[in-house]
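**Student:** Structure below; questions to follow.
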Amino acid sequence: PLMSVGPSTFIDELITLAGGENIFNDATTSWPMISSEAVIEKNPDVIFFPDMYMGVGNFYETIESVEGRPGWDSITAVQNDALYEIDADIISRSGPRLVDALEAISKMVHPEIFGEP
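Following the working numbering, the numbering of the sequence shown begins with 1279 at its first residue and continues without gaps.
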């Protein structure tokens, strides 16, 4: 299984502040374990994940390994090259670095505002 961000977490709040929508904001836990099929069904426009091993099974992934998951080629984020690694130091715990995390997520969700492709 995969781990995602559920409601009432600081990362969920960052996604909202950046103008995005957490596809698992309807989860019943803050850090839900999810299936690959659930991600395919939710069909996110953007996917980001920390750039380090987080101690959850074989969590560490690369953009290429995520793109290559069975069935994920049908996900909008994969089709539009909107998969991003985010620095785990700025996203893994609350604190002053969350400002940097908000900026990074904002660039992922709305690259056009920041003059990025």
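Even for Gly, the Cβ is constructed at its ideal location relative to N, Cα and C.
Using C-beta distances below 7 Å, list every residue in its chain close to Ile1391, excluding the 5 sequence neighbours before and after it, in chain order.
**Tutor:** Excluding positions up to five away in sequence, the list is empty.
**Student:** Any idea what DSSP makes of Pro1328, helix, strand or coil?
**Tutor:** Here Pro1328 sits in strand by DSSP.
**Student:** Let me make sure I understand the geometry here. Which of Arg1371, Lys1385, Ser1352 and Ala1366 has the alpha-carbon closest to that of Pro1322?
**Tutor:** Measuring from the Cα of Pro1322, the nearest candidate turns out to be Ser1352.
**Student:** On the CB-based measure, 16 or more other CB atoms within 10 Å of its CB, does Leu1295 come out buried or exposed?
**Tutor:** Exposed: under 16 other Cβ atoms inside 10 Å.
**Student:** By Cβ distance, which residues of its chain are closer than 6 Å to Pro1285, with the 5 residues on each side in sequence left out?
**Tutor:** Correct list, in chain order: Asn1303.
**Student:** Let me confirm a value: Val1334 is counted as buried when at least 16 other C-beta atoms fall within 10 Å, else exposed. Which label applies?
**Tutor:** Summary for Val1334: the model assigns pLDDT 45, below 50, so the residue's position carries little reliability; its value from the coordinates is reported in the next sentence. Val1334 comes out exposed.
**Student:** Can you tell me whether Lys1320 sits near the ligand GDP, meaning its C-beta is under 7 Å from at least one heavy atom of the ligand?
**Tutor:** Looking at this structure, you won't find the ligand GDP or any other ligand, since it has none at all.
**Student:** Pull up the CB-CB distance for Phe1326 and Ile1364, whole angstroms please, since I reckon it's below 8 Å.
**Tutor:** At roughly 5 Å, the Cβ-Cβ gap stays under 8 Å, so Phe1326 and Ile1364 are in contact.
**Student:** Out of curiosity, what's the CA-to-CA distance linking Phe1337 and Lys1320?
**Tutor:** Per-residue confidence for Phe1337 stands at a pLDDT of 49, beneath the threshold of 50, marking its modelled position as unreliable; the derived number appears in the next sentence. The alpha-carbon atoms of Phe1337 and Lys1320 are separated by roughly 20 Å.
**Student:** If distances are taken between C-alpha atoms only, which option among Phe1288, Ala1305, Pro1310 and Trp1350 comes closest to Gly1373?
**Tutor:** Comparing Cα positions, the closest option is Phe1288.
**Student:** Helix, strand or coil for Ile1341? Go by DSSP, reduced to three states.
**Tutor:** Three-state DSSP puts Ile1341 in a helix.
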